[in-house]
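Scroll down for the structure; my scribbles are underneath it.
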Amino acid sequence: MASQGSQALSICFASGRNSSQGLRRRTTCYCGERPVLATSSMAENPGRRFWGCVNYGIGEECGYFVWAESEQEPQVARLKRRITCLKGKVTTVERMLRIAVAVGLVGWTCAIILLCEKFSATRNGRFFLQ
368 MASQGSQALS
378 ICFASGRNSS
388 QGLRRRTTCY
398 CGERPVLATS
408 SMAENPGRRF
418 WGCVNYGIGE
428 ECGYFVWAES
438 EQEPQVARLK
448 RRITCLKGKV
458 TTVERMLRIA
468 VAVGLVGWTC
478 AIILLCEKFS
488 ATRNGRFFLQ
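Read in order, the letters of the sequence shown correspond to residues 368 to 497 in the working numbering.
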């Protein structure tokens, strides 16, 4: 049972990047160099790819910055991952519900059998001690 829950969680956390590279708006940055494709590590846009100046970080950058994909694509991908995660959780909960119903039915069946045995051990509807 625990492995089913962990499978649902692994679906939630397993994420892949889409293969769309996006289109560059410029073939060169303001320095005249070809921009490089980098990945954001900022908390606001973790893992989002962008085109930036090749000289970034060495003090000579021109400030060129363009997202590699439109803003909607990461949101759609994030929502698709969320849907997959929620579907996995629903499947897990449905399995748990089926098991709970089965256990409940077995419990009620056992209780009825025990009551029938007790009732058959009575005289005139009253319990008889032997």
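In this text, a Cβ means the ideal position worked out from N, Cα and C, and glycines have one as well.
Cβ neighbours of glycine 399 within its own chain (closer than 6 Å, five residues either side excluded): none. Sixteen is the threshold: since fewer than 16 other Cβ atoms of the shown chains lie within 10 Å of the Cβ of glycine 474, the residue is exposed.
For alanine 435, there is no enclosing alpha helix (DSSP H), as DSSP marks it with neither H nor E. Straight-line spacing of the CA atoms in arginine 465 and cysteine 477 works out to 18 Å. For the beta strand (DSSP E) assignment, the uninterrupted runs of no fewer than 3 residues enclosed by the region 407-472 are, from N- to C-terminal side, 416-419, 432-434. By the beta-carbon neighbour count (other beta carbons within 10 angstroms, threshold 16), proline 402 is buried. By the C-beta density criterion, cysteine 483 is exposed, having fewer than 16 other C-beta atoms within 10 angstroms. Residue pairing of alanine 405 in beta bridges, as defined by DSSP: Phe417.
Rounded to the nearest angstrom, the gap between the Cα atoms of glycine 471 and threonine 458 is 20 Å.
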